[in-house]
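J.: Last residue of the sequence shown: 425 in numbering that gives the first Met the number 0, with the numbers rising by one and none dropped. C-beta atoms are modelled at their ideal positions from N, C-alpha and C, and glycine is treated no differently. All figures in this text were calculated on a predicted structure; none of them were measured in a lab.
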Amino acid sequence: MTTFHRGRDKTVRTLSILFSSLILVCSVVVICAQTPDPGIKPTTVSGKVSEINASAGQITIKTAAGSVVVASVSEKTTYQRVPPGETDLSKAEQITLTEITVGDGVVARGYVAADQKSVPAQRIIVVSQSEIAKKATAEKMAWARGARGIVSSVNPSTKEVTVTSRALNGTTQTVIVAADKATIKRYPPDSIPKYTNAKPAKFEDIKVKDQFNAKGTKSEDGTHLAAEEVLFGTFQIVGGTVTSIDVATNEVKINDLTTKKPLTINFKPESIIRRLPQGMAMMFGGGAGGPGGPAGGGPGAGQGRPQGAGEGQGQRAEGQRPQGAGPGGPGGPGGPGRMGAGSMADLLERWPTITINELKVGDTILMSSLPGSDPTQFTAIQLVTGAETLLALAAARQQQGGQGRQQGGVDLNGSFGGMFGGVGGP
Numbered sequence: 000m001t002t003f004h005r006g007r008d009k010t011v012r013t014l015s016i017l018f019s020s021l022i023l024v025c026s027v028v029v030i031c032a033q034t035p036d037p038g039i040k041p042t043t044v045s046g047k048v049s050e051i052n053a054s055a056g057q058i059t060i061k062t063a064a065g066s067v068v069v070a071s072v073s074e075k076t077t078y079q080r081v082p083p084g085e086t087d088l089s090k091a092e093q094i095t096l097t098e099i100t101v102g103d104g105v106v107a108r109g110y111v112a113a114d115q116k117s118v119p120a121q122r123i124i125v126v127s128q129s130e131i132a133k134k135a136t137a138e139k140m141a142w143a144r145g146a147r148g149i150v151s152s153v154n155p156s157t158k159e160v161t162v163t164s165r166a167l168n169g170t171t172q173t174v175i176v177a178a179d180k181a182t183i184k185r186y187p188p189d190s191i192p193k194y195t196n197a198k199p200a201k202f203e204d205i206k207v208k209d210q211f212n213a214k215g216t217k218s219e220d221g222t223h224l225a226a227e228e229v230l231f232g233t234f235q236i237v238g239g240t241v242t243s244i245d246v247a248t249n250e251v252k253i254n255d256l257t258t259k260k261p262l263t264i265n266f267k268p269e270s271i272i273r274r275l276p277q278g279m280a281m282m283f284g285g286g287a288g289g290p291g292g293p294a295g296g297g298p299g300a301g302q303g304r305p306q307g308a309g310e311g312q313g314q315r316a317e318g319q320r321p322q323g324a325g326p327g328g329p330g331g332p333g334g335p336g337r338m339g340a341g342s343m344a345d346l347l348e349r350w351p352t353i354t355i356n357e358l359k360v361g362d363t364i365l366m367s368s369l370p371g372s373d374p375t376q377f378t379a380i381q382l383v384t385g386a387e388t389l390l391a392l393a394a395a396r397q398q399q400g401g402q403g404r405q406q407g408g409v410d411l412n413g414s415f416g417g418m419f420g421g422v423g424g425p
């Protein structure tokens with residue numbers, strides 16, 4: 000009898016161990032099967048408030064990666080509000096649930112459920128939507144008041160950069176930027192120039208012809224800037240004729256205008272494709288005849304706001320640009336005195352956006368890119384189709400300026416540097 004009981008107990012223990020192991024394995028499988036979301040950690044969930052149900056004591060949070068987590072709140076939950084960018088909670092102010100609104104940035108602290116769908120929140124930390132918007136507006140204005148354009152010279156001994164920009168009317172402006180105390184960042188090769196993609200860099204990395212943007216304190220006459228932060232990138236303008244289009248792979252092949260060799264253009268979701276509006280030649284001062292033709296009050300002038308474009312790879316909604324890919328400063332061609340002092344990049348923002356499906360074999364394109372190691376492969380930042388007018392005007396200006404003609408007719412980087420969404424701020 001004793002032997003029987005010992006055998007039964009051993010069997011029960013074995014089954015219990017196997018069952019516990021099975022539960023552990025299943026739990027690990029469930030956890031591993033979940034896609035990691037940086038906005039969800041074991042004791043915190045961060046994102047934006049997408050819904051508030053005060054009567055049920057629930058705040059729905061959507062993370063930046065798109066996950067949805069419901070934070071349960073109770074009378075024991077504490078609420079705090081901090082300024083945008085502030086990490087010191089000693090500067091937080093106590094608030095109530097009723098002061099939180101949809102769209103606010105939020106961090107919910109508590110033990111997150113294993114399925115990452117809920118969290119009983121002990122503390123809710125909020126950054127108000129209005130404060131976020133206010134800070135973003137102030138930041139954009141700070142960059143807009145700074146200096147942006149093409150690097151025309153670099154002085155390593157004084158750590159100064161001379162930046163030149165050109166307006167649509169042909170006038171140029173030069174600003175000397177003191178970068179000795181600035182935070183310096185660079186957009187890496189073969190990338191889309193989003194502010195979050197910029198990497199730490201050194202002053203010595205800045206080269207002549209790089210696109211450049213800096214914010215800081217400007218002198219009263221606007222000729223000098225003491226920079227707080229600098230962004231730059233080695234952009235390249237590419238032009239050519241479309242020879243094939245592969246919508247499935249988001250690739251377009253062209254024959255390069257300068258070398259006549261085949262190039263491959265890759266489109267990412269953030270890439271923007273625009274079409275030069277009909278009648279735009281008149282806005283630039285007379286089309287292929289170059290600057291000095293009739294003034295631009297023609298049909299193109301009434302086409303400043305584009306029609307909405309459909310969803311798809313290689314295009315974005317009207318007027319949008321990649322985050323951080325603001326107008327890069329120096330403009331392209333323009334009839335002297337016809338278009339005012341605005342930059343070509345600003346005008347470009349109003350041209351219609353299209354999808355890769357709307358490109359056609361035989362189209363003439365101009366495009367900006369941050370070239371990588373392969374000289375035959377480019378990632379599109381902004382691309383304009385129907386670019387014959389722009390090329391004709393650039394060629395005319397080049398001749399009027401007494402410059403020798405480049406192979407292929409036009410110095411693309413010299414004529415269009417900064418035009419297609421270069422170095423912008425956040």
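(1) Note the first and the last residue of the continuous alpha helix (DSSP H) segment covering Ser129.
(2) Could you have a look at Gly303 and say whether DSSP puts it in helix, strand or coil?
(3) Which word fits Gly145, buried or exposed, when buried means at least 16 other C-beta atoms lie within 10 angstroms of its C-beta?
(4) Looking only at its chain, what residues have a beta carbon closer than 6 Å to the beta carbon of Val125, apart from the 5 residues adjacent to it on each side?
(5) Name the one or two DSSP bridge partners that Asp255 has.
(6) Do you know whose CA, among Thr97, Glu269, Lys214 and Pro155, lies nearest Thr182's CA?
(7) Should Gln398 go down as buried or exposed, given a rule of 16 or more other Cβ atoms within 10 Å for buried?
(8) When the Cα of Lys75 is compared with those of Ile123, Leu88, Lys47 and Pro188, which residue comes out closest?
(9) Any C-beta of chain C sitting closer than 8 Å to the C-beta of Lys217?
(10) Please go through the same chain and pick out, in chain order, the residues whose beta-carbon is closer than 8 Å to the beta-carbon of Pro188, but skip the five residues on each side of it.
(11) Thinking C-beta only, is Ile264 closer than 8 Å to Ala379?
(12) Check whether the Cβ atoms of Gly84 and Ser71 sit closer than 8 Å, and answer yes or no.
(13) I believe Ile244 touches Ile355 by the beta-carbon criterion, under 8 Å. Please report the beta-carbon distance rounded to the nearest angstrom.
(14) What is the residue span of the beta strand (DSSP E) that Leu96 lies within?
(15) Could you tell me the boundaries of the beta strand (DSSP E) in which Gly215 lies?
(16) Could you give the uninterrupted runs of the beta strand (DSSP E) lying entirely in the region 345 to 369, keeping only those of 3 residues or more?
(17) Run through DSSP, which three-state label would Ile204 get?
(18) Assign Pro192 to buried or exposed, taking buried as 16 or more other Cβ atoms, counted over all protein chains shown, within 10 Å of its Cβ.
(19) Would you decide whether Leu382 is buried or exposed? Buried here means 16 or more other CB atoms lie within 10 Å of its CB.
T.: From the atom records:
(1) On the sequence shown, position 130 is the one that residue 129 refers to. Gln128 to Ala143 is the extent of the alpha helix (DSSP H) around Ser129.
(2) Position 304 of the sequence shown, counted from the first residue, corresponds to residue 303. Because Gly303 carries a pLDDT of 34, less than 50, the predicted location of this residue cannot be relied on, and the following value inherits that uncertainty. Note: Gly303 maps to coil in three-state DSSP.
(3) Position 146 of the sequence shown, counting from 1, holds the residue named residue 145. Result: buried.
(4) Working through the sequence shown from its first residue, we reach residue 125 at position 126. Arg80, Ile99, Asp103 and Val105, listed in sequence order.
(5) On the sequence shown, position 256 is the one that residue 255 refers to. Beta-bridge pairing links Asp255 to Gly239.
(6) As a first step, residue 182 must be located in the sequence shown, where it is residue number 183. Among Thr97, Glu269, Lys214 and Pro155, the Cα nearest to that of Thr182 belongs to Lys214.
(7) Here residue 398 refers to the residue found at position 399 when the sequence shown is read from its first residue. Result: exposed.
(8) By one-based count along the sequence shown, residue 75 stands at place 76. The residue with the shortest Cα to Cα distance from Lys75 is Ile123.
(9) Reference to chain C is not applicable here, since this structure consists of a single protein chain.
(10) One-based indexing of the sequence shown puts residue 188 at position 189. These residues qualify, in order along the chain: Thr233, Leu369, Pro370, Gly371 and Ser372.
(11) As a position in the sequence shown, residue 379 is number 380, starting the count at 1. As a position in the sequence shown, residue 264 is number 265, starting the count at 1. Their beta carbons are under 8 Å apart, which means Ala379 touches Ile264 by this criterion.
(12) Here residue 84 corresponds to residue number 85 of the sequence shown, with the count starting at 1. Here residue 71 corresponds to residue number 72 of the sequence shown, with the count starting at 1. Going by C-beta atoms, Gly84 is not nearer than 8 Å to Ser71.
(13) The count along the sequence shown starts at 1 and reaches residue 244 at position 245. The count along the sequence shown starts at 1 and reaches residue 355 at position 356. Rounded, the Cβ-Cβ distance is 7 Å, consistent with contact.
(14) Counting from 1 along the sequence shown, the entry for residue 96 is found at position 97. Here Leu96 belongs to no beta strand (DSSP E), and DSSP marks it neither H nor E.
(15) Numbered from 1 along the sequence shown, position 216 holds the residue referred to as residue 215. It spans Gln210 to Lys217 - the beta strand (DSSP E) in which Gly215 sits, taken as one unbroken run.
(16) Counting only runs of 3 or more, we get 363 to 368.
(17) For the purposes of this step, residue 204 is taken as the residue at position 205 of the sequence shown. A small correction: the amino acid at residue 204 is Asp; Ile does not occupy that position in the sequence shown. Of the three classes helix, strand and coil, the one that applies to Asp204 here is helix, per DSSP.
(18) Here residue 192 refers to the residue found at position 193 when the sequence shown is read from its first residue. Looking at its Cβ environment, which holds 16 or more other Cβ atoms inside 10 Å, Pro192 is buried.
(19) Locating residue 382 in the sequence shown gives position 383, counting from the first residue. Buried, because 16 or more other Cβ atoms sit within 10 Å of the Cβ of Leu382.
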